Amino acid sequence: MKASKIHNDLHNAFLQNKKLLAILLDPEKFDLSDTPRFLRNLPKEVSHLFVGGSTVPKGMTDALVRELKLYTAKPIILFPGDYKQLTPIADGVLFLSLLSGDNPDYLIGQQRKSVRFFRENPIEVIPTGYLLIDGGNSSAVSRVTHTNPLRQSDLQIIVDTAKAGELMGAKLIYLEAGSGALNPVAPVVISAVKKDITIPLIVGGGIRTEEQKHLAYEAGADLIVMGTAFEKTTEGQNHISL
Ligand code: 1GP
3 MKASKIHNDL HNAFLQNKKL LAILLDPEKF DLSDTPRFLR NLPKEVSHLF VGGSTVPKGM
63 TDALVRELKL YTAKPIILFP GDYKQLTPIA DGVLFLSLLS GDNPDYLIGQ QRKSVRFFRE
123 NPIEVIPTGY LLIDGGNSSA VSRVTHTNPL RQSDLQIIVD TAKAGELMGA KLIYLEAGSG
183 ALNPVAPVVI SAVKKDITIP LIVGGGIRTE EQKHLAYEAG ADLIVMGTAF EKTTEGQNHI
243 SL
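This is how it looks when you write it as structure tokens:
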């Protein structure tokens, strides 16, 4: 495993209360041939690129990371739905434990299966407590992991789960409403979690507008993840405006 450059930078930004923005690129939904234009036109505030998806076929993640690397120096972090998406050419990987659900495959199984890869490949691993929160529609995370999201109204359960993640050693907590969520994680949920944890907080799922972004930052998100807002349109081009 590599030194913790990405985590250190995230943590320093967190200490300085500097807000970060990651764009999530799903290799299945990204037009590779459009990569240079897409990257050129990204808003300046984009600090990280996340790459991953719930159901990405083998090899696709690797191809996308390789292509991105040709045109950008922004940190590329894997956000894998499955250990088979791991590729050594990314800068780091969110090592996710799906704490909101009770499926052992996503609490320890996937992690165990990825150890061999980490032994053989020097990539930064960032332990991340991942909580799926109800976004008002059925999410791919829920379908793939066979787990139910936590209800936004179960505030104390969400806060306690996030805190348990921190106590178990997570370096980041990630509140996920699911890609394409109708309702992003509510500000009241974000602020309750933020008050109780002492590590950076990532929030994503269903955030499409400047206003939603602003509300999430104001409530305490340190890093926001946006995916769908940047995905390719029906005309096939990757979309880039906020
Ligand atoms: C990352 O799954 C999200 O947390 C991305 O969600 O596609 O709705 O932006 P969107």
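Those letters in the sequence shown? Residues 3 to 244, by the working numbering. Just so it is clear, CB atoms sit at the ideal spot from N, CA and C, and this is done for glycine as well. Predicted, not measured: the structure shown is a model, and the values here were computed from it.
Task: Buried versus exposed call for H50 [16 or more other C-beta atoms within 10 Å across all chains shown] - done: Flag for H50 reads buried.
Task: Residue from T211, R39, Q214, E178 whose Cα sits closest to the Cα of G137 - done: Considering only alpha carbons, the answer is E178.
Task: Alpha carbon of M228 to alpha carbon of R118, nearest angstrom - done: Answer to the nearest angstrom: the Cα atoms are 31 Å apart.
- [ ] Please state whether DSSP places T230 in a helix, a strand or coil.
- [x] Judged by DSSP in its simplified three-state form, T230 adopts helix.
Task: Delimiting residues of the alpha helix (DSSP H) encompassing H9 - done: Where H9 is concerned, the enclosing alpha helix (DSSP H) starts and stops at 7 to 17.
Task: Residues that L134 bridges to, as DSSP identifies them - done: Note: L134 sits in a beta bridge opposite E178.
- [ ] Kindly list the residues whose CB is nearer than 7 Å to the CB of N10, restricted to its own chain and excluding five residues on each side of it in sequence; keep chain order.
- [x] So the list is empty, once near-sequence residues are dropped.
Open item on the list: Threshold first: 4 residues or longer. Then list the alpha helix (DSSP H) segments lying entirely within the region 117 to 164, N to C.
Closed with: Entirely contained in the region 117 to 164, the alpha helix (DSSP H) runs reaching 4 residues are, in chain order, 142 to 147.
Open item on the list: So I78 and L70 are supposed to be a Cβ contact under 8 Å. How far apart are they, rounded?
Closed with: Yes, they are in contact, since the Cβ atoms of I78 and L70 sit about 6 Å apart, within 8 Å.
Open item on the list: Taking 7 Å as the cut-off, is the beta-carbon of T211 closer than that to any non-hydrogen atom of the ligand 1GP?
Closed with: False, no ligand heavy atom lies under 7 Å from that Cβ.
Task: Cα-Cα separation between S155 and A75, rounded to whole angstroms - done: In a straight line, the C-alpha of S155 is about 40 Å away from that of A75.
- [ ] Find out if the Cβ-Cβ distance for the pair G103, V146 is shorter than 8 Å.
- [x] No; because the gap between Cβ atoms is not below 8 Å, this pair is not in contact.
Open item on the list: Using a Cβ-Cβ cutoff of less than 6 Å, which residues in the same chain neighbour E168 once the five nearest sequence positions on both sides are dropped?
Closed with: The beta carbon of E168 sits closer than 6 Å to those of I199, I201, all from its chain and outside the five residues before and after it, given in chain order.
Task: Member of E47, L44, Y85, V48 whose CA lies at the smallest distance from the CA of D64 - done: For D64, the nearest C-alpha among the options comes from Y85.
- [ ] Locate the beta strand (DSSP E) running through A183, then write down its first and last residues.
- [x] Per DSSP, A183 belongs to no beta strand (DSSP E) and is neither H nor E.
TODO: Kindly confirm or deny that the region 93 to 112 and the region 13 to 20 touch, where touching means at least three C-beta pairs closer than 8 Å.
DONE: Contact between the region 93 to 112 and the region 13 to 20 is not established, with fewer than three Cβ pairs separated by less than 8 Å.
Task: Burial state of L174 (16 or more Cβ within 10 Å) - done: Flag for L174 reads buried.
Open item on the list: At a cut-off of 7 Å, would you count T147 as near the ligand 1GP, judging by its Cβ distance to the nearest heavy atom?
Closed with: No, the Cβ of T147 stays beyond 7 Å of every heavy atom of the ligand 1GP.
TODO: Taking I8 and E126 to be in contact with their CB atoms under 8 Å, please state how far apart those CB atoms are, rounded to whole angstroms.
DONE: Contact holds; Cβ gap of about 5 Å.
Open item on the list: By the DSSP assignment, the beta strand (DSSP E) with A92 in it spans what residues?
Closed with: For A92, there is no enclosing beta strand (DSSP E), since its DSSP letter is neither H nor E.
Open item on the list: Please tell me whether A92 and L101 are closer than 8 Å, where the distance is taken between their beta carbons.
Closed with: At the C-beta level, A92 and L101 stay beyond 8 Å of one another.
Open item on the list: Does the beta-carbon of E178, which I'm using as the reference point, lie nearer than 7 Å to any heavy atom of the ligand 1GP?
Closed with: The ligand 1GP has a heavy atom closer than 7 Å to the beta-carbon of E178.
Open item on the list: Closer than 8 Å is the cut-off here; do at least three beta carbon pairs connect the region 206 to 217 with the region 157 to 165?
Closed with: Contact between the region 206 to 217 and the region 157 to 165 is absent, with fewer than three C-beta pairs closer than 8 Å.
TODO: Within 10 angstroms of the Cβ of L72, are there 16 or more other Cβ atoms? Answer buried if so, exposed if not.
DONE: Answer is exposed; the Cβ neighbour count stays below 16.
Task: CB contact flag (I192, A172, <8 Å) - done: Their beta carbons are not under 8 Å apart, which means I192 does not touch A172 by this criterion.
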